[in-house]
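K.L.:
Attaching a single structure in structure tokens format; questions to follow.
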């Protein structure tokens, strides 16, 4: 078995963060997301960036603070970091489009 690529590790981590968020919100975790989050079989990877981003964007500020900015939870800290990096990547992408196109 070969070592997973950075992309494969990232996809799995995204599913883990998405599953964490859904469980914390007391929502059902789709089977494909849970399977991706739990499995070391990289044949079942799911790209859930759009769903994770949409779920975070839909949070009101109180829930966002309670879940994403919960400094007592490692998962919350990872999710907060993911969200910060995701927003920065989107900002840079928009900047590149405006500058170069």
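Numbering (the numbering used here), first residue to last: 141 to 241.
Heads up, the beta-carbon is just placed ideally off N, CA and C, and yes, glycines get one too.
#1: Check whether the region 181-197 and the region 150-158 are in contact - that is, three or more C-beta pairs closer than 8 Å.
#2: Residue 184 and residue 255 - do their beta-carbons sit closer together than 8 Å?
#3: Under a three-way DSSP split, which group does residue 155 fall into?
#4: Let me know if residue 208 comes out buried or exposed under the rule of 16 or more other beta-carbons within 10 Å of its beta-carbon.
#5: Tell whether a beta-carbon distance below 8 Å holds between residue 226 and residue 179.
P.N.:
Working from what's here:
#1: yes
#2: It is not possible to answer for residue 255, since the shown part of the chain is limited to 141 through 241.
#3: helix
#4: buried
#5: no
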